Each structure stands twice: as C-alpha cells, then as structure tokens.
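Under the numbering used here, the residue at position 56 of the sequence shown is numbered 38, and the numbers go up by one with no gaps. Let me begin by presenting the structure, written as structure tokens, before commenting on it.
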Amino acid sequence: MFEGRQQPTHKRVVTSQRCIRTNDIDSVGKSKRHLTGFTMLGHFSFGDYFKQESIRLGYKLVTEIYGIDSNNLIITVHPDDRETHELWSRYLPKERIVLTYENIWSSGQPGILGQCTEFFYDFEPHKKLDSIDLDSDRFLEFYNIVFVDSQVDIDGNIAPNPIKCIDSGLGLERLTYVLSNKASIYEIDCLCQSFEHPILKDHYRTCS
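Shown next as structure tokens:
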C-alpha cells in the first residue's frame, strides 16, 4: 500500500499494535524510558495527506487532545527538510526546533524511506536550551512522523516513491509516562494496571 501496488480500503488509517524491541535491550532497567515490549499507536496516510496536514494533526493531538504544554515540546527535523522546518516554525519558537541528520527512517533494504520529524518531551522546560542532549533523561522521544517519499533497493539505490505517504508511531507507554508524572516509565499506569488518567484509561481499554 505504501508503494501504491495495492489499493487500501481507506487512505487514512489508525492502528494499535504490540511491538517487541531488542536493539537497545541493554538499556532496559538502566534508563528511565527503555522497554522491550510496548504498544505502538500509529496513523497512516496512503497518498492522502502529507507534511502540512500530518504536522497540524500531530500538534493538535499532542497539545489539545493530550493537553501537553507546547513549552514542554522539542521537535527534531532533518537539516535538508526546509519545508518541515518552516511548518514547525508556525507552532514553536526556533529554540525548540532541533536539526539532526538522524531524522531518516527506512523499513529496510529493499523498502520505503523518508525524512521524519520527532516529538520529544522536555521534563525541565525551565532550564536553558543552550546545548540540547536528546539522549539525556531530560528529554523523551515519544512520537515520530515519517514522510515516506522514497524507495531504497537492495543495493542502497534511492528512487522516488510513486505516492507520498505518512507512517507514524506514538508509544503508548511513553505517552503514559509523560502524562502520569511518574519518576520513570517503569511506574506508569499501564504497567502497574492502575489507570488514573482518564485519557489513558480510554486509550488502554481500546488498545487491549
């Protein structure tokens, strides 16, 4: 469907899926945020909306639906993606938009490919943003939107994708960590089975 070879029943889709992550398993229990099993919430567009609409919807979801203060947000953008940088400048001040060459996502070779934009939560927004270490416990990545516009073959050659798509992922446990005001992700509602936050209660019931 991403490559346009199969027509989806709907061009806009949302999902909830259980995932296993093993590439940073050595960090589980040592950091405040790493898990091996988690629930990934996603929204997808197959040739329908693209950068402008996905950023608008993502920002609305995070700030209006989940109620996260924009002062707690850090957004990352690929340095070559001027369009996404300009779109984000409509919502956030420049010091909260970080450029990083790591903002490339691929499903593998062969597969789909695209630049992305990531949402980070700032647990200490009162501190200066002179030097931003996104790997520190001050910041938590919880939401990623990939702008799928390319394909990569088995040899690493890149070509345009027939259609422009959106592939996103939002970690339910990390979102819970942000909204629950807990000391670490290991104390959150959906791991301890006590659903205090009403939005999380509805989310987890739907995902289960």
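Yeah, the Cβ is synthetic: ideal placement off N, Cα and C, and Gly gets one too. Everything numeric in this text was worked out from a predicted model, so none of it was measured.
Per the contact definition of three or more C-beta pairs closer than 8 Å, is the stretch 98 to 105 in contact with the stretch 115 to 131?
yes
Taking only the alpha-carbon atoms, compute the straight-line gap between residue 151 and residue 76 and give it to the nearest angstrom.
Residue numbering aside, residue 151 sits at position 169 when the sequence shown is read from its first letter. Residue numbering aside, residue 76 sits at position 94 when the sequence shown is read from its first letter. Looking at the two C-alpha atoms, the distance is approximately 24 Å.
Where residue 162 falls, given that 16 or more other Cβ within 10 Å makes a residue buried
The residue labelled residue 162 in the question sits at position 180 within the sequence shown. Burial call: buried.
Just grab the DSSP bridge partners of residue 0 for me.
Here residue 0 corresponds to residue number 18 of the sequence shown, with the count starting at 1. For residue 0, which the question treats as bridged, DSSP gives the partners 21.
If you compare alpha carbons, which of 69, 86, 17 and 107 is closest to residue 169?
The residue you call residue 169 lines up with position 187 of the sequence shown. Taking only the C-alpha atoms, the option nearest residue 169 is 17.
Any idea what DSSP makes of residue 110, helix, strand or coil?
Residue 110 sits at position 128 when you count from the first residue of the sequence shown. Looking at residue 110 - three-state DSSP - the assignment turns out to be coil, as it is neither helix nor strand.
With 16 other CB atoms within 10 Å as the buried threshold, where does residue 190 fall?
As a position in the sequence shown, residue 190 is number 208, starting the count at 1. Low confidence applies here, because residue 190 scores a pLDDT of 49, under 50, leaving its location unreliable; read the following figure in that light. Residue 190 comes out exposed.
Nearest by alpha-carbon distance to residue 114: which of 55, 44 and 91 is it?
The residue given as residue 114 occupies position 132 in the sequence shown. Measuring from the Cα of residue 114, the nearest candidate turns out to be 55.
Could you have a look at residue 166 and say whether DSSP puts it in helix, strand or coil?
Stepping through the sequence shown from its first residue, residue 166 is reached at position 184. Coil at residue 166, not helix or strand.
Going by beta-carbon coordinates alone, are residue 33 and residue 74 separated by less than 8 Å?
Stepping through the sequence shown from its first residue, residue 33 is reached at position 51. Stepping through the sequence shown from its first residue, residue 74 is reached at position 92. Going by C-beta atoms, residue 33 is not nearer than 8 Å to residue 74.
On a CA-only basis, which of -3, 154, 94 and 53 is nearest residue 79? Give me that one, please.
One-based indexing of the sequence shown puts residue 79 at position 97. Selected option, being the one with the closest Cα: 53.
Can you say whether residue 47 is buried or exposed, counting buried as having 16 or more other CB atoms within 10 angstroms of its CB?
Sequence index remark: in the sequence shown, residue 47 carries index 65 (1-based). Counting Cβ neighbours within 10 Å, residue 47 comes out exposed, since fewer than 16 surround it.
Mapping DSSP to helix, strand and coil, what is residue 45?
Mapped onto the sequence shown, residue 45 falls at position 63. Helix.
Three-state secondary structure assigned by DSSP to residue 66
By 1-based counting over the sequence shown, the position of residue 66 is 84. Residue 66: helix per DSSP, three-state reduction.
Tell me which same chain residues have a C-beta within less than 7 Å of the C-beta of residue 134, skipping the five on either side of it?
Taking the first residue of the sequence shown as position 1, residue 134 is located at position 152. Cβ within range, chain order: 88, 91, 92, 93, 95 and 140.
What's the C-alpha gap between residue 137 and residue 130?
Start at 1 with the first residue of the sequence shown, and residue 137 comes out as number 155. Start at 1 with the first residue of the sequence shown, and residue 130 comes out as number 148. Answer to the nearest angstrom: the Cα atoms are 19 Å apart.
Report the rounded CA-to-CA distance for residue 148 versus residue 108, giving the unit in angstroms.
The sequence position of residue 148 within the sequence shown is 166, counting from 1. The sequence position of residue 108 within the sequence shown is 126, counting from 1. Answer to the nearest angstrom: the Cα atoms are 33 Å apart.
What does the alpha-carbon distance come out to for the pair residue 145 and residue 165?
One-based indexing of the sequence shown puts residue 145 at position 163. One-based indexing of the sequence shown puts residue 165 at position 183. Roughly 43 Å separates the two Cα atoms.
Do you know offhand how far residue 49's Cα is from residue 156's?
By one-based count along the sequence shown, residue 49 stands at place 67. By one-based count along the sequence shown, residue 156 stands at place 174. Distance between the alpha carbons of residue 49 and residue 156: 15 Å.
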